[in-house]
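The next block holds one structure in the form of structure tokens; read it before the comments.
Residue numbers (this note's numbering): -7 to 369.
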């Protein structure tokens, strides 16, 4: 059977976007925090490290290129802090992952929301220039999903120090719509800068899929599903046809630890069937993710990227076992609309996951080899 070669993201062999920070970058960020390196000095190191990273991505056979999130400390909070009307706050304790707590900080609302002059637009422009380095390369910008930001602002994942959104918006629906509008401002600026691939990363739904978390926190799954869908679809309104926006769903990734478990079934009728994205990057690296059967709820005109190679552990998976998993998923969703990737980034925060850079690239090579074995490309 002949398979189509995908012209744009998601690609047959893909990644979620973040990579382990090199020591040079970690050292520069530490010096910057101590006031021993100015903004220009930090940017120079970031530029150098990102240039090297993109060269490695191309060398290892990736077509979707990112800055590895090298200019961020967090996968999500740095973007939130860049929105107008949102501030950084310290919290009394970090967010609870299984076996570990995160650093104790979050985002809180301090005014009406805006996406004007977001710093990530300039970050993207730096990556855009590298599209000329090879055939079919596409620069991608990753951001946390509006649902993720909404979750923080509603204090579902926030801290005790967070301000009340009720000081600025009359209802949760109005807040969700305002977030979507702010995101559209950022997306319009990214599009004007030449961006044609955006990935919205989303952990907000994970708590809704974990029966233990639902019971412990008395979560109203139906209500939050409604609000999260509203926020995410609001950011997708009137998007240009040639702008591909996909979502990545995750159960948490902090120094190789997670916070949630449970299959997609609890949210599939909403997240898969009704979210107006072009594709889904889905975590499927272990039993916490449930079965592939939930893929039946994804419209067949969309793409699904199977995250069946783990970015959390150094051990390298078996190629034949991975091929079998792809074929198992194809029982529920068309094989020609499937792709493969690691289940998450390698460094959702600057600390990174518990594996070496060599092990990271071995994982990427395996994903590329798997795509060639299944689709011949």
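No residue lacks a Cβ here, since even glycine has one placed at the ideal position from N, Cα and C.
Quick caveat, the model's predicted, so the values are computed rather than measured.
Handout entry: Extent of the continuous alpha helix (DSSP H) run through residue 227
Key = 213 to 227
Practice task
Identify, in the order they occur along the chain, each residue of the same chain with its Cβ nearer than 6 Å to the Cβ of residue 69, setting aside the five sequence neighbours on each side.
Solution key: Excluding sequence positions up to five before and after residue 69, its CB lies within less than 6 Å of the CB of 99, all in the same chain and listed in chain order.
Practice task
Can you tell me which of the three DSSP states residue 175 falls into?
Solution key: Looking at residue 175 - three-state DSSP - the assignment turns out to be helix.
Problem - Residues that DSSP places opposite residue 299 in a beta bridge - result: 275 and 333
Exercise for the section: Express the C-alpha separation of residue 4 and residue 153 in angstroms, rounding to a whole number. Expected result: Only weak support exists for where residue 153 lies, its pLDDT of 45 falling under 50; the value from the coordinates is given anyway. So the alpha carbons of these two residues sit roughly 43 Å apart.
Handout entry: Proximal residues to residue 325 (C-beta, below 8 Å), its chain only, five neighbours per side dropped
Key = 284, 287, 288, 290, 292 and 296
Handout entry: Neighbour-count burial assignment, residue 188, 16 or more Cβ in a 10 Å radius
Key = A residue is called buried when at least 16 other Cβ atoms come within 10 angstroms of its Cβ; residue 188 meets this threshold and is buried.
Handout entry: Outcome for residue 348 when other beta-carbon atoms lying within 10 angstroms are tallied against a minimum of 16
Key = exposed
Practice task
Within the same chain, show all residues whose beta-carbon is closer than 7 Å to that of residue 255, passing over the 5 residues directly before and after it, in chain order.
Solution key: Residues 201, 281, 282, 283 and 286 of the same chain have their beta carbon placed closer than 7 Å to that of residue 255, with the five preceding and five following residues left out of the count.
Handout entry: Buried versus exposed call for residue -4 [16 or more other C-beta atoms within 10 Å across all chains shown]
Key = exposed
Exercise for the section: For residue 72, collect the residues of the same chain with a Cβ closer than 6 Å to its Cβ; drop the 5 residues on either side in sequence, then sort them by chain order. Expected result: 78, 99 and 141
Practice task
Leaving aside the five residues before and after residue 244 along the sequence, list all residues of the same chain whose C-beta is less than 7 Å from its C-beta, in chain order.
Solution key: 89, 195, 198, 250, 251 and 252
Problem - Candidates 321, 58 and 206: closest to residue 277 by CA position - result: 321
Exercise for the section: Rounded to whole angstroms, what's the CA-CA distance from residue 11 to residue 204? Just pull it up for me. Expected result: 31 Å
Handout entry: Contact under 9 Å by Cβ, residue 9 with residue 23
Key = no
Practice task
For residue 175, I'd like the list of residues in its chain whose CB is within less than 7 Å of its CB, leaving aside the five on either flank, ordered along the chain.
Solution key: Sequence-distant partners of residue 175 (beyond 5 residues in either direction) whose C-beta falls short of 7 Å from its own C-beta, in its chain, are 107, 138 and 227.
Practice task
Classify residue 50 as helix, strand or coil using the three-state DSSP reduction.
Solution key: It is helical.
Handout entry: Exposure of residue 248, with buried meaning 16 or more beta-carbon neighbours within 10 Å
Key = Answer is buried; the Cβ neighbour count reaches 16.
Practice task
Give a yes or no on contact between the segment 159 to 167 and the segment 106 to 120, applying the rule of three or more CB pairs nearer than 8 Å.
Solution key: no
Practice task
Could you tell me if residue 217 is buried or exposed, where buried requires 16 or more neighbouring beta carbons within 10 angstroms of its beta carbon?
Solution key: buried
Handout entry: Burial state of residue 355 (16 or more Cβ within 10 Å)
Key = buried
Exercise for the section: Starting from residue 102, trace the alpha helix (DSSP H) both ways and give me its first and last residue. Expected result: First-last for residue 102: 97 to 106, but that is the beta strand (DSSP E), not the alpha helix (DSSP H).
Practice task
Kindly give me the distance between the Cβ atoms of residue 372 and residue 190, rounded to whole angstroms, as I take these residues to be in contact under 8 Å.
Solution key: Outside the shown range of the chain (-7 to 369) lies residue 372, about which nothing can therefore be said.
Practice task
Determine the contact status of residue 31 and residue 118, defining contact as a CB-CB distance below 9 Å.
Solution key: no
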